[in-house]
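Structure first, commentary second.
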Ligand SMILES: [Zn+2]
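In the working numbering, the protein residues as written are 1318 to 1588.
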């Protein structure tokens, strides 16, 4: 790791429709033992704090959820000194009371992905991290309080089912997830969240609800129109200014030092 790279403690990983955060930001390329991250990393300032930004899918959305180099992305942020990650994602709603335009501060996920490298610890060093509560409770609280202050409609907990993609669900799949009681459906909360955790970084997912998933159509919204990528991006774009306000409010209120369990997660993970 070159000492030329700036050090910063806060990282933002931007999702679909969220490809830049700063105007005229300084950008730099990184490389890691896991290959190159999704794109150049930019650095800027929010609320007087240094922040790095990485677009998860690359600028212009050129990486599918399966081909995102999750390990390289998280490794690069760790090398920059990042301790806390705010990670917005576009998601579909699986429940009628969670409406397009709402935010969900997820507290759980269910992994339904199939083709992803999802650990730094496949050997020779092996670690089994606790994942009972996979997201940082302190960052979740910061997001919840900030949403309340900004009057953003946010569900303060929720389970995201993470599918492989890039296709959306069939109606039967979507009905099944709905009946299981999952709240939102996305493609990137896993393994990004657990890789952050393995590197002892705090991670919060901000799910931006863009539409009702296929199984809810016919009950809510346009009866004839199943989820499609264009409508997802339209709603996401409308949400971007709310999202930027939320990120800035969160950062303004974050204490300098962490006191949550994330920073010591590996202590109890080694056999
Ligand atoms: Zn934490």
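All residues carry an ideal CB built from backbone N, CA and C; glycine is no exception.
Contact under 7 angstroms by Cβ, residue i with residue j
{"i": "residue 1589", "j": "residue 1503", "result": "In the structure as shown, the chain begins at 1318 and stops at 1588. Residue 1589 is therefore absent and cannot be evaluated."}
{"i": "residue 1526", "j": "residue 1358", "result": "no"}
{"i": "residue 1422", "j": "residue 1473", "result": "yes"}
{"i": "residue 1382", "j": "residue 1505", "result": "yes"}
{"i": "residue 1528", "j": "residue 1548", "result": "yes"}
{"i": "residue 1479", "j": "residue 1426", "result": "yes"}
{"i": "residue 1507", "j": "residue 1430", "result": "yes"}
Straight-line gap, residue i to residue j (C-alpha atoms, nearest Å)
{"i": "residue 1319", "j": "residue 1452", "result": "With a pLDDT of 47 at residue 1319, under the threshold of 50, the predicted position of this residue should be treated as unreliable, though the coordinate-derived value follows. Whole-angstrom Cα-Cα distance: 30 angstroms."}
{"i": "residue 1501", "j": "residue 1585", "result": "31 angstroms"}
{"i": "residue 1403", "j": "residue 1339", "result": "15 angstroms"}
{"i": "residue 1387", "j": "residue 1446", "result": "17 angstroms"}
{"i": "residue 1365", "j": "residue 1355", "result": "26 angstroms"}
{"i": "residue 1513", "j": "residue 1489", "result": "32 angstroms"}
{"i": "residue 1493", "j": "residue 1440", "result": "35 angstroms"}
{"i": "residue 1558", "j": "residue 1411", "result": "24 angstroms"}
{"i": "residue 1546", "j": "residue 1588", "result": "44 angstroms"}
{"i": "residue 1477", "j": "residue 1342", "result": "32 angstroms"}
{"i": "residue 1491", "j": "residue 1483", "result": "15 angstroms"}
{"i": "residue 1428", "j": "residue 1321", "result": "37 angstroms"}
{"i": "residue 1475", "j": "residue 1323", "result": "35 angstroms"}
{"i": "residue 1521", "j": "residue 1495", "result": "23 angstroms"}
{"i": "residue 1391", "j": "residue 1379", "result": "18 angstroms"}
{"i": "residue 1424", "j": "residue 1570", "result": "20 angstroms"}
{"i": "residue 1385", "j": "residue 1572", "result": "31 angstroms"}
{"i": "residue 1465", "j": "residue 1533", "result": "27 angstroms"}
{"i": "residue 1360", "j": "residue 1344", "result": "7 angstroms"}
{"i": "residue 1481", "j": "residue 1420", "result": "22 angstroms"}
Other residues of its chain near residue i: CB distance less than 6 angstroms, five sequence neighbours each side excluded
{"i": "residue 1562", "result": "1467"}
{"i": "residue 1346", "result": "1357"}
{"i": "residue 1434", "result": "1388"}
{"i": "residue 1367", "result": "1325"}
{"i": "residue 1449", "result": "none"}
{"i": "residue 1363", "result": "1565 and 1568"}
{"i": "residue 1328", "result": "1369, 1394, 1399 and 1402"}
Limits of the unbroken alpha helix (DSSP H) element including residue i
{"i": "residue 1579", "result": "Neither: residue 1579 is in no alpha helix (DSSP H) and is coded neither H nor E."}
{"i": "residue 1338", "result": "Residue 1338 -> no alpha helix (DSSP H), and no H or E assigned at all."}
{"i": "residue 1401", "result": "Looking at the DSSP string, residue 1401 is not in any alpha helix (DSSP H); the run it does join, the beta strand (DSSP E), is 1401 to 1410."}
{"i": "residue 1488", "result": "1488 to 1497"}
{"i": "residue 1502", "result": "First-last for residue 1502: 1501 to 1503, but that is the beta strand (DSSP E), not the alpha helix (DSSP H)."}
{"i": "residue 1506", "result": "1506 to 1515"}
{"i": "residue 1389", "result": "1387 to 1396"}
{"i": "residue 1454", "result": "1454 to 1467"}
Per-residue burial, residue i [other beta carbons within 10 Å of its own, 16 or more giving buried]
{"i": "residue 1369", "result": "buried"}
{"i": "residue 1399", "result": "buried"}
{"i": "residue 1432", "result": "exposed"}
{"i": "residue 1541", "result": "Here residue 1541 scores only 45 on pLDDT, less than 50, and its place in the model is too uncertain to base an answer on."}
{"i": "residue 1524", "result": "buried"}
{"i": "residue 1376", "result": "exposed"}
{"i": "residue 1413", "result": "exposed"}
{"i": "residue 1395", "result": "buried"}
{"i": "residue 1487", "result": "exposed"}
{"i": "residue 1509", "result": "buried"}
Close-in-space but distant-in-sequence residues of the same chain around residue i (CB under 8 angstroms, 5 per side omitted)
{"i": "residue 1418", "result": "1470, 1526, 1552, 1555 and 1556"}
{"i": "residue 1567", "result": "1403, 1456, 1459, 1460 and 1463"}
{"i": "residue 1519", "result": "1400, 1401, 1402, 1453, 1455, 1456, 1513, 1575, 1577, 1579 and 1580"}
{"i": "residue 1583", "result": "1444, 1446, 1515 and 1517"}
{"i": "residue 1335", "result": "1372, 1405, 1553, 1557 and 1560"}
{"i": "residue 1331", "result": "1337, 1338, 1370, 1371, 1372, 1373 and 1405"}
{"i": "residue 1511", "result": "1435, 1436, 1446, 1448 and 1451"}
For residue i, the first and last residue of its enclosing beta strand (DSSP E)
{"i": "residue 1371", "result": "1366 to 1372"}
{"i": "residue 1529", "result": "1519 to 1529"}
{"i": "residue 1443", "result": "Unbroken run through residue 1443: none, as it is neither H nor E."}
{"i": "residue 1425", "result": "1425 to 1429"}
{"i": "residue 1586", "result": "From DSSP, residue 1586 is part of no beta strand (DSSP E); its letter is neither H nor E."}
{"i": "residue 1566", "result": "Where residue 1566 is concerned, there is no enclosing beta strand (DSSP E), although the alpha helix (DSSP H) it sits in stretches over 1546 to 1570."}
{"i": "residue 1359", "result": "1358 to 1363"}
{"i": "residue 1415", "result": "Here residue 1415 belongs to no beta strand (DSSP E), and DSSP marks it neither H nor E."}
{"i": "residue 1532", "result": "Premise fails: residue 1532 is in no beta strand (DSSP E) and is neither H nor E."}
{"i": "residue 1434", "result": "Here residue 1434 belongs to no beta strand (DSSP E), and DSSP marks it neither H nor E."}
Contacts around residue i, its chain only, beta-carbon distance under 7 angstroms, and the 5 residues preceding and following it disregarded
{"i": "residue 1389", "result": "1349, 1351, 1352, 1353 and 1354"}
{"i": "residue 1326", "result": "1398, 1399, 1400 and 1401"}
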